[in-house]
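Numbering (this note's numbering), first residue to last: 20 to 353.
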C-alpha cells in the first residue's frame, strides 16, 4: 500500500464573519499518496483553489490539520515554513514569470535566492531546461515565448529546488487543447522519472482523464467523491460527479427523465450489444447520448438510454445489460 504524502484532516476555511461569512472548505478529509498524480476537480467556487493554497500555506485554514510526509505544516513558521516551500513547489495558470529576466535566469532565480553557487546553479538550469524541452530557448525572454513554452519555464523553475510535491493550480486552463496535452504529458513524464507527487487542481475532466491516478471531486467546500479515476467514472455517485463526467446535462438543457447509464470497456467491446439485447427481449431502446473516453490509457464508453415506461421492462433492461457484463446504473432527472 502506498504511503501518504499529504494527509488532510478536518480542514475548514471560513472567510469573513456574521452575515458575510463564507465557508470555503467544510471539514475536508483527504489522503494523497506518495508518487501519485492526484486530481482535485470542481466547478468554479467549489473550494479547490482554497484547498491547494492551504496545503502550501499561502492561506491559513480556520481549523484542521495538514500533514506532509508526517509533518504538520500548520505548526511551521519562519525558516521551517521556507524549507517546506522548497519541498512543495507550485505552478499557476498565469505562469508568474519575471518578464525582465530570460528563461535561464527565471529558472535560476530560486537557486539564487537559496544561495546555490553560480556554477552549480547553471548546471542545474541546463538539466531542467533539457527535461522540459527548452534548451534552445535559454536566452529568450517570456514575451518571445508561446503559452506552452512559458508554462514549461514555470515547471522547470518549480523543479529547481528538487521538490517532493508539485502543486498545479489550473496550470493548463490558459492553453489550447494541443498544448494542454503536451504539458500534461510532460507532467506525467516528470512524475514517472522523478517520483514527484503531483496534485492537479482543475475544472476540466479531460485533464483528470489524461494523467491522474486518483481523483477527488469537491463541491460547495466539501468532498463528494474520491477514488481511482476509472472507479469514479464507472460508478459516479454525486450530482457534481455526474455533471463533470457528462452523465447529467446542463440545467438549461431539456430534461431527460428517467434513464439508465451503461459503462463498458471500449477496448474490448466491439459486438453490437444493444442490437443483441433488442433481438433477445423485444424491448425497444432509445439512446439519449453516447461517448468514448480515454482514462489512464484505456478506452471507456458510456451510454445514456431512455428508461421504458413499463416497470417490468425496466427491470428486464437493467438485469439484461448487467448479464452482458456492463456497469449499469439508474439516473433520475431531478
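Cβ coordinates follow ideal geometry from the N, Cα and C atoms, glycine included.
Going by DSSP, what residue range makes up the beta strand (DSSP E) through residue i?
i: residue 136; result: No beta strand (DSSP E) holds residue 136; DSSP gives it neither H nor E.
i: residue 44; result: 41 to 52
i: residue 111; result: 107 to 111
i: residue 312; result: 305 to 314
Between residue i and residue j, how many whole angstroms is the CB-CB distance? I'm expecting something under 8 Å.
i: residue 188; j: residue 56; result: Actually they are not in contact, since the Cβ atoms of residue 188 and residue 56 sit about 15 Å apart, beyond 8 Å.
i: residue 321; j: residue 282; result: 5 Å
i: residue 82; j: residue 166; result: Incorrect: roughly 38 Å between the Cβ atoms, too far for contact.
Are the CB atoms of residue j and residue i within a distance shorter than 9 Å?
i: residue 360; j: residue 219; result: The displayed coordinates of the chain run from 20 to 353. Any statement about residue 360 would go beyond what the structure contains.
i: residue 32; j: residue 73; result: yes
i: residue 232; j: residue 319; result: no
i: residue 186; j: residue 110; result: yes
i: residue 212; j: residue 174; result: no
i: residue 172; j: residue 114; result: yes
i: residue 95; j: residue 103; result: yes
i: residue 302; j: residue 335; result: yes
For residue i, which residues of its own chain have a beta-carbon under 7 Å away from its beta-carbon, when the five flanking residues on both sides are left out?
i: residue 214; result: 54
i: residue 112; result: 188, 189, 190, 192, 193
i: residue 347; result: 279, 281, 337, 340, 341
i: residue 344; result: none
i: residue 314; result: 228, 248, 249, 252
i: residue 333; result: 326, 327
i: residue 162; result: 118
i: residue 354; result: Missing from the structure shown is residue 354; the chain here goes from 20 to 353 and no further.
Suppose the cutoff is 6 Å on Cβ atoms and the five residues either side in sequence are ignored; what does the same chain contact list for residue i look like?
i: residue 50; result: 23, 26
i: residue 254; result: none
i: residue 42; result: 33, 240
What does the Cβ neighbour count give for residue i, buried or exposed, with the cut at 16 atoms within 10 Å?
i: residue 80; result: buried
i: residue 38; result: exposed
i: residue 132; result: exposed
i: residue 134; result: exposed
i: residue 312; result: buried
i: residue 170; result: buried
i: residue 269; result: A caution first: residue 269 carries a pLDDT of 39, below 50, which makes its placement in the model unreliable, though a value can still be read off. With fewer than 16 Cβ atoms within 10 Å of its Cβ, residue 269 is classed as exposed.
i: residue 40; result: exposed
i: residue 183; result: buried
i: residue 271; result: Bear in mind that a pLDDT of 39 at residue 271, under 50, signals an unreliable position, so the number given afterwards is only what the model happens to contain. That one is exposed.
What residue range is occupied by the uninterrupted alpha helix (DSSP H) comprising residue i?
i: residue 208; result: 196 to 213
i: residue 69; result: 67 to 74
i: residue 257; result: Run containing residue 257: none; DSSP gives neither H nor E here.
i: residue 340; result: 330 to 342
i: residue 247; result: From DSSP, residue 247 is part of no alpha helix (DSSP H) but of the beta strand (DSSP E) over 241 to 247.
i: residue 167; result: 166 to 178
Suppose the cutoff is 8 Å on Cβ atoms and the five residues either side in sequence are ignored; what does the same chain contact list for residue i look like?
i: residue 158; result: 121, 122, 123
i: residue 197; result: none
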